[in-house]
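Numbering (this note's numbering), first residue to last: 143 to 304. For every residue, glycine included, the Cβ atom is placed at its ideal position computed from N, Cα and C. See below for the structure under consideration.
Next up, the structure:
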């Protein structure tokens, strides 16, 4: 076994990274603490420190409430934005439907106008057809009368005249 060696005795002083830690005992002579670091630890149980514990927990609760309130605010903003987008989408749909209604009304008007012109044309065709039937009847009557005249005894005289 090797003899125990104090690492500080090799270099004469502690390294700089250890300078923040106390090197003496936390218990001084006659119960007095020579080191301020340990006196801080002894004051932990004092009412002043205990109230700071409570204030720390109050601060933590307040921070939690702030975080919750912030989340609620973000959720409200998100919901408002979502509702705004929904209203815009509905407005676009409504505009498209109105546009479609106007287009269909215009087309309906054009079709009605075309239908009325066709009805008028039909009426003219029916009148013209009636006139043609009447003319056909009169022409047939004339032909029939002429055939009767050709069969009459005087038909030969008539042929000479023509």
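For residue 253 and residue 90, the rounded distance between their alpha carbons
The question about residue 90 has no answer, for the chain in this structure spans 143 to 304.
How many Å lie between residue 213 and residue 198 at the Cα?
22 angstroms
Can you give me the C-alpha to C-alpha distance between residue 272 and residue 263, rounded to a whole angstrom?
14 angstroms
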